[in-house]
């Protein structure tokens, strides 16, 4: 009897860590649906890369800053899946879409707090809530957090606070969905070199040496480090891992 291909939905999959997760999961035999905020062209490039790996892939627009788009998005996804697989269900939900912000606590604008909350807390909660009926038993929910909930860099209080909320939310998900064999875990990347972070990293050798020294393994993280960890948690072998915050940081700031 043929094994059914598992399907992963990844928000913010058109670039950075989300793109890397999508490609790693596709290489591991999963079919992929990604979301993009505004850059459809980049999303279609990711879809094309996944199809070259022999997997099915689609991209749908979703702005997680406005939760009114969640219902229409899920309707698109489930209609597409029902048409092409016979079922509206999928197996893996990865809440990855996000933005950064750097402000001292006393200087954080209300608008920034609202935007971070909408994207990193409200949208994650609501998308997951509405996706639960479509998650297959023994599925996976992975929420992306940050190393900044453990170690502290001034300026990231608002961002890290939102991610801390999601770490708590994930434990409740694990408890409530565990009866169906669905696991819920947090992947918390440390500083990782992507297009999202490159602008803030030193370009000279001395500066790079200083940054690398922050890590037990002596180097800054790379997208593949995160993609590999996500693929591991999505594997059948990780069925007994749930309600965990898994920091993927190479031992940053121990």
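Numbering (the working numbering), first residue to last: 1453 to 1706.
Ideal Cβ positions, reconstructed from N, Cα and C, are used throughout, including at glycine.
No experiment lies behind these values; they were computed from the predicted model shown.
> Just checking my contact of residue 1687 with residue 1632 at CB under 8 Å: how many whole Å lie between their CB atoms?
Replying inline: Going by Cβ atoms, the distance from residue 1687 to residue 1632 rounds to 18 Å, so no, they are not a contact pair.
> Using 8 Å as the Cβ pair cut-off and three pairs as the minimum, do the stretch 1613-1627 and the stretch 1674-1681 touch?
Replying inline: no
> So residue 1592 and residue 1635 are in contact, right, with Cβ under 8 Å, and what is the actual spacing, rounded?
Replying inline: 6 Å
> Hey, which unbroken runs of the beta strand (DSSP E) at 3 residues or more fall wholly within the stretch 1631-1663?
Replying inline: 1635-1641
> Nearest to residue 1583 by CA position, among 1640, 1522, 1558, is which residue?
Replying inline: 1522
>> So for residue 1571, helix, strand or coil by DSSP?
In response: helix
> I think residue 1478 touches residue 1509, with their Cβ atoms under 8 Å apart; what is that distance to the nearest whole Å?
Replying inline: 7 Å
> Nearest-angstrom Cα distance between residue 1629 and residue 1598?
Replying inline: 23 Å
> Looking only at DSSP bridge pairs, what is residue 1671 linked to?
Replying inline: Answer is none; residue 1671 lacks a bridge partner.
>> Can you tell me whether residue 1509 is helix, strand or coil according to DSSP?
In response: strand
>> Considering only the alpha carbon of each residue, which of 1546, 1565, 1511 lies closest to residue 1529?
In response: 1511
> Are residue 1646 and residue 1549 touching if we call contact CB-CB under 8 Å?
Replying inline: no
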